[in-house]
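S.K.: This structure is in structure tokens; I'll ask about it shortly.
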Amino acid sequence: MPKDGGIGAPTRRREDYRFLTGRGRYSDDIKTQGECAAIFARSTVAHGTIKSIDTSAAAAMPGVLAIFTGEDFVEVGGNPAGWLINSRDGEPMKEPKRPVLAHGKVRHVGDAYAAVIAETVQQARDAAEMIEIDIEEHDAVVNMKDALAGTTYVHDEIGTNQCFDWGWIEDNRAATDAAIQGAHHVTTLELVNNRLVPNAMETRCSIGHYDTGTGDYTLHTTSQNPHLTRLLLSAFVMGIPENKLTVIAPDVGGGFGSKIYHYGEEALVLAAAKKLGRTVKWTSDRSEAFQTDAHGRDHVTKIELALDEEGNFLAFRTETHANVGAYLSNFSTATPTFLHGTLMAGNYTVPNVYVNVKAVFTNTAPVDAYRGAGRPEATYSLERVIDMAAREIGMDPIELRRKNFIKPDQYPFASAAGLEYDSGNYDALMDQMEKVADKAGFAARRAESESKGLLRGFGVNAYVEACGIAPSNLVGVLGSRVGLYDAATVRVNATGNLSVMVGAHSHGQGHETVFPQVVAEMLGIDPGSIDIVHGDTSKIPFGMGTYGSRSLAVCGSAVVRATEKIIVKATKIAAHMLEADAADVEFKDGTFSVVGTNQSVSFGEVALKAYIPHQFPIEDIEPGLEETAFYDPANFTYPSGAYCCEVEVDPETGKVRVNRMTAVDDFGNVINPMVVTGQVHGGLGQGIGQALMENTTYDSDGQLLSASYMDYAMPRADDLPFYTVDHSQGTACTHNPLGVKGCGEAGAIGSPPTVVNAVIDALQSGGKNVTHIDMPVTPHRVWSAMKNAG
Amino acid sequence: MNLTGSRTINADVKTVWAALLDPDVLKDCVPGCTEMAGSAEEGFEAKVVQKVGPIKATFKGIVQISDRIEYQSLKISGEGKGGPAGFAKGGADVRLEEQGDSTVLNYDVEAKVGGKLAQLGSRVIDGFASKMADQFFENFQNAVEKGPTGDTTDESAASSGDAPAAETDEPKKGWLGRIRGR
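Quick note, the sequences are listed as chains F and H, same order.
Under the numbering used here, the first residue of the first sequence carries the number 1, and numbering increases by one thereafter.
Under the numbering used here, the first residue of the second sequence carries the number 791, and numbering increases by one thereafter.
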């Protein structure tokens, strides 16, 4: 049985039945007797001082139960940043308070300054429109470089728009500068990593409940990270004791990072529930999602690559401005720094790396981790400048990469950006990519495209990322204010089936299918008898949530450790039942047997014995069969890959079409290849979307112009090619028990530079001297670049 | 967005100046204006119904006239709040030049929108603002050249408040206006 559904089996996702047939149960599906509705009044201006808020007309509207403004939350705490970054001069970052509702000032379009609670959503909406706010407008701070030069501050109390000025690694700066100074060739590229709206299919929703009998709070919310939300609400924002607050994230329709964080709406519905003794629900509409979900990326970078005569990389040096928006979201300071700067050595033996990141406050929505979180920005900068360098020095881009790859015998490899890569084989990935993508056939395909009047380009990319975040000891040194372990409880029920409580939250990743495969493999039982419980702080031991492709590597490892404990205890029980010494009992394929005899008991019999402990050695073994493990990894995991794609560019219109896309990834061991392939597909779609279509635009007044699907171009099926996905070249992670690395973000990390490199290759093949186009590479931008190149 | 233009009005500078300060003239000339009360000194309170892209809204706001240099120049600025639709605000720097019996009216218009109007209407806002300005000065020219009493057909078109109708009416009105102008 386990071999059919255990490790390595391409089992279909069991959760898809309910997701695909409308049987999922999302937060907004939860209807409670007597619930009322919250609607937020949000700023239509980007920056201004609140002179007055008059709620009297709104309060008199039908059905209105309560109105909250920033004044009501003056006494409570702010929503904190989870990671302390120190500037190059040792100064800690600036951390202005992020209140539940705007107080004193509004700082971005969509910043909530009041909330109306009414019997119905419609009544609350009507009343919210009657709130009179008088705002003295200020100039909006939008452009990052202007923000640093100007004297209009998003947060007046800190007297600057710079959150921090970070150097990584500061001690390597002089050596890097010297290497660049004396280099044979230096390639310089300035680029923009375009700002993205996460666009989870399910918008955010929060339901606050207060039990007037017990004083217990319950929050149902669209979260990737319910325990962190509970922790922040308890320790920082609301002061509700953790034991009096349950946070439940039921089915969640996608997150991509945007639902990792705690948002003010969650605190508001809890405060309102307490005040009214009623259940209070808020569901974001799509316009609110565009304005208030934490956005992604938004880096402006200058990168330099220094090479010697043979094409050996001598140094990478970058200067990046990273937009953090109007307030610090929970991971916003980690994303452009430790999830980005530490990856700036890429897959290469380059000896010198220096990264400078200035994080800048602007009057825009907060920016935080979005699928890939810092690593896509690193990979994009590296792989674009390498491609440009190859062209400048006249070397094949694959050859240049191979020349500088870390070789398989060099692991563990200490990168110049401060990480220790544990395993990998980048040449094997490249070999496989060239093979499965039929690189040899490219010339013929190019000729065919040209015969149709189209320019065809081949783009390549190599990436390495850091997943499975991460060792608490390490991240603690680096400024993290939380630990990044995870936890699992394996409960064997009396009748032999299992409930596995996991800290990782599943919102599209397939945990409900994959985690049982691991346990089934270990216990030799039917995975169908194992269910995953997640997303409810009252049911699971603890968890640090799902992000950074960490679920399997960290939480999956906790599941392994807990299952190992189960096996140890079950073996003792079996030994008692078999009247043998535990050392003589062997567990295999779901059966405990005494070595060298035909005596055995099944796993199910042992489970029953644990709960009906008649004739049980209670002095040696406790009844019951349930074990918990916390797992804290020794290192990040380092997935890597070699990607390529082919594009066709219409030289008349600038339209780009991705024609073939190949992703060869090293995810270490693979538990469920079908789920992994699906994860890569999703990442590729988002990466191609970033490369060709998606862009978030604020005008100079801080008005969000791309705030609906009319103006924000999401990729659709017909914008995307068929993919070739290969994960045959895995090298096992050396430090977690499953040898897994994480696959959730790779597609979004590897694909954007691949696409842009291919577009440049296509234009060059057509005699257009275009060396760079910023994403999204829209027809207008391609056409303009061709025109400007003459 | 910003736009600049000029019109030659077949009236002397004093007549044009007086018309610029007349709430009835302004009401007739602001496209979609359904109410206008107040005075040039105190400012006007106005209600304007307009449709921008997919959003139709009633804007309540104030129109103010400032920087007055008699018979030479002034600034008209307005800000309208459209509730959930967001806001629109704009200003026109107007300069008058005497040219024989006529007056050349030069204008620099700046228009801004915010909130839902910007979020959903940004693609059409430049065209919309340009159309609004054009219509305003077209109406103004007509009003002045016909005399200060105004013209009833023009008034009903300008204050119909029905944006889709106004859109389809617009070319016709422009056409009639041009005929009258000659």
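Using N, Cα and C, we set each Cβ at its ideal position, and we do this for glycine too.
Examine chain F for any beta-carbon lying closer than 8 Å to the beta-carbon of Phe877/H, and answer yes or no.
M.R.: Translated into the one-based positions of the second sequence, residue 877/H becomes position 87. Yes, its Cβ sits closer than 8 Å to a Cβ of chain F.
S.K.: Since Asn929/H is in the alpha helix (DSSP H), which residue starts that stretch and which ends it?
M.R.: By one-based count along the second sequence, residue 929/H stands at place 139. Looking at the DSSP string, the run of the alpha helix (DSSP H) that includes Asn929/H is Lys906 to Lys936.
S.K.: Rounded to whole angstroms, what is the Cα-Cα separation between Ala789/F and Ala124/F?
M.R.: For the purposes of this step, residue 789/F is taken as the residue at position 789 of the first sequence. For the purposes of this step, residue 124/F is taken as the residue at position 124 of the first sequence. One C-alpha to the other measures close to 55 Å.
S.K.: Verify whether the separation of the beta carbon atoms of Val109/F and Ser43/F is less than 8 Å.
M.R.: Numbered from its first residue, the first sequence carries residue 109/F at position 109. Numbered from its first residue, the first sequence carries residue 43/F at position 43. Closer than 8 Å, so yes.
S.K.: Whole angstroms are fine: how far does the CA of Ala369/F sit from the CA of Thr697/F?
M.R.: In the first sequence, the residue the question calls residue 697/F occupies position 697. In the first sequence, the residue the question calls residue 369/F occupies position 369. Straight-line Cα distance between these residues: approximately 18 Å.
S.K.: Check each residue of the region 112-124 of chain F: if its Cβ is closer than 7 Å to any Cβ of chain H, include it; give the result in chain order.
M.R.: Against chain H - using a Cβ distance shorter than 7 Å - the region 112-124 of chain F contributes no residues.
S.K.: In the structure shown, what three-state DSSP assignment does Asn788/F receive?
M.R.: Here residue 788/F refers to the residue found at position 788 when the first sequence is read from its first residue. Looking at Asn788/F - three-state DSSP - the assignment turns out to be helix.
S.K.: Going along chain F, which residues have a C-beta under 9 Å from Ala908/H?
M.R.: The sequence position of residue 908/H within the second sequence is 118, counting from 1. Within 9 Å Cβ-Cβ: Thr44, Val109, Asp699, Asp701, Gln703, Leu704, Leu705 and Ala707.
S.K.: How about the region 178-185 of chain F and the region 364-380 of chain F: do they share at least three Cβ pairs that are nearer than 8 Å?
M.R.: They do not touch, by the three-pair rule.
S.K.: In chain order, what residues of the same chain lie with their CB nearer than 8 Å to the CB of Gln889/H, ignoring the 5 residues before and after it?
M.R.: Counted from its first residue, the second sequence places residue 889/H at position 99. The answer, listed in chain order, is Thr798.
S.K.: Report yes or no: is there a C-beta of chain A within less than 8 Å of the C-beta of Gly881/H?
M.R.: The question asks about chain A, but that chain is absent: this structure's protein chains are F and H.
S.K.: Should Glu646/F go down as buried or exposed, given a rule of 16 or more other Cβ atoms within 10 Å for buried?
M.R.: By 1-based counting over the first sequence, the position of residue 646/F is 646. It is buried - the Cβ of Glu646/F has at least 16 other Cβ atoms within 10 Å.
S.K.: Would a C-beta distance cut-off of 8 Å place Leu763/F and Tyr723/F closer than the cut-off?
M.R.: Within the first sequence, the letter at position 763 stands for residue 763/F. Within the first sequence, the letter at position 723 stands for residue 723/F. Not a contact, by the Cβ cut-off of 8 Å.
S.K.: Flag Glu129/F as yes if its beta-carbon sits less than 8 Å from any beta-carbon of chain H, otherwise no.
M.R.: Reading the first sequence from its first residue, position 129 is the one you call residue 129/F. Chain H, which has a Cβ nearer than 8 Å to the Cβ of Glu129/F, makes this yes.
S.K.: Is the shortest distance between the beta-carbon of Lys850/H and the beta-carbons of chain F less than 8 Å?
M.R.: Your numbering for residue 850/H matches position 60 in the second sequence. Chain F contact via Cβ: absent.
S.K.: When DSSP builds the beta bridges, which residues end up paired with Arg797/H?
M.R.: By one-based count along the second sequence, residue 797/H stands at place 7. Its beta-bridge partners are Leu895/H.
S.K.: Just to confirm the assignment, what range does the beta strand (DSSP E) spanning Leu704/F have?
M.R.: As a working note, residue 704/F is residue 704 in the first sequence. It is not in any beta strand (DSSP E) - Leu704/F carries neither H nor E in the DSSP assignment.
S.K.: Give a yes or no on whether 8 Å exceeds the smallest Cβ distance from Lys841/H to chain F.
M.R.: Residue 841/H sits at position 51 when you count from the first residue of the second sequence. Chain F, which has no Cβ nearer than 8 Å to the Cβ of Lys841/H, makes this no.
S.K.: Which residue spans inside the region 407-466 of chain F form an unbroken alpha helix (DSSP H) run of at least 4?
M.R.: 426-436 and 442-451, all fully within the region 407-466 of chain F.
S.K.: Starting from Ser856/H and walking both ways along the beta strand (DSSP E), at which residues does that stretch end?
M.R.: On the second sequence, residue 856/H is found 66 positions in, with the first residue counted as 1. Note, Ser856/H: beta strand (DSSP E), Ile845 to Ile859.
S.K.: Let's test the definition: count the other Cβ atoms within 10 Å of the Cβ of Gly689/F and tell me whether it reaches 16, buried, or not, exposed.
M.R.: Counting from 1 along the first sequence, the entry for residue 689/F is found at position 689. Counting Cβ neighbours within 10 Å, Gly689/F comes out buried, since at least 16 surround it.
S.K.: Could you pull out every residue in the same chain whose Cβ sits closer than 6 Å to the Cβ of Ala115/F, ignoring the five residues on either side in sequence?
M.R.: Within the first sequence, the letter at position 115 stands for residue 115/F. Only Ala38, Phe40, Phe68 and Leu268 meet the Cβ criterion.
S.K.: Tell me the start and end of each unbroken beta strand (DSSP E) in the region 510-578 of chain F that is at least 3 residues and wholly inside, in chain order.
M.R.: Correct list: 530-534.
S.K.: Give a yes or no on whether 8 Å exceeds the smallest Cβ distance from Met714/F to chain H.
M.R.: Walking along the first sequence from the start, residue 714/F turns up at place 714. Not an interface residue.
S.K.: CB Tyr113/F to CB Ala102/F, shorter than 8 Å?
M.R.: Here residue 113/F is taken as the residue at index 113 of the first sequence, counted from 1. Here residue 102/F is taken as the residue at index 102 of the first sequence, counted from 1. The answer is yes: Cβ separation under 8 Å.
S.K.: In chain H, which residues lie with their C-beta within 9 Å of the C-beta of Ser223/F?
M.R.: As a working mapping, residue 223/F is identified with position 223 in the first sequence. Result: empty, since nearest Cβ-Cβ is about 26 Å, beyond 9 Å.
S.K.: Could you tell me the boundaries of the alpha helix (DSSP H) in which Val680/F lies?
M.R.: Here residue 680/F refers to the residue found at position 680 of the first sequence. Segment Pro673 to Leu692, the alpha helix (DSSP H) holding Val680/F.
S.K.: With a cut-off of 8 Å on the beta carbons, I'd call Asp486/F and Tyr631/F a contact; round off their distance for me.
M.R.: On the first sequence, residue 486/F is found 486 positions in, with the first residue counted as 1. On the first sequence, residue 631/F is found 631 positions in, with the first residue counted as 1. Correct: roughly 6 Å between the Cβ atoms.
S.K.: What residues of chain F sit near Pro874/H, judged by a beta carbon separation below 7 Å?
M.R.: Position 84 of the second sequence, counted from the first residue, corresponds to residue 874/H. Going along chain F in sequence order, the residues near Pro874/H (Cβ under 7 Å) are Glu129.
S.K.: Can you find a C-beta in chain H that's less than 8 Å from the C-beta of Ser287/F?
M.R.: As a working note, residue 287/F is residue 287 in the first sequence. Closer than 8 Å: yes.
S.K.: Return no unless some Cβ of chain H is closer than 8 Å to the Cβ of Asp711/F.
M.R.: The residue labelled residue 711/F in the question sits at position 711 within the first sequence. Yes, Asp711/F lies at the interface with chain H (some Cβ there is under 8 Å from its Cβ).
S.K.: Between Phe40/F and chain H, is there a C-beta pair that is closer than 8 Å?
M.R.: For the purposes of this step, residue 40/F is identified with residue 40 of the first sequence, where counting begins at 1. So, not an interface residue.
S.K.: So with CB distances below 7 Å, who are the chain F contacts of Ser912/H?
M.R.: The residue labelled residue 912/H in the question sits at position 122 within the second sequence. The answer, in chain order, is Leu705 and Asp711.
S.K.: In whole angstroms, give me the CA-to-CA distance for Pro680/F and His614/F.
M.R.: Along the first sequence, one-based indexing puts residue 680/F at 680. Along the first sequence, one-based indexing puts residue 614/F at 614. Looking at the sequence itself, residue 680/F is Val, so the reference to Pro does not match. Rounded to whole angstroms, Val680/F to His614/F spans 51 Å at the Cα level.
S.K.: List the residues of chain F whose Cβ lies closer than 9 Å to the Cβ of Lys902/H, in chain order.
M.R.: Taking the second sequence and counting its residues from 1, one reaches residue 902/H at position 112. Neighbours of Lys902/H on chain F, chain order: Asp699, Asp701 and Gln703.
S.K.: Which residues bound the beta strand (DSSP E) around Gln162/F?
M.R.: The count along the first sequence starts at 1 and reaches residue 162/F at position 162. Note, Gln162/F: beta strand (DSSP E), Gln162 to Trp168.
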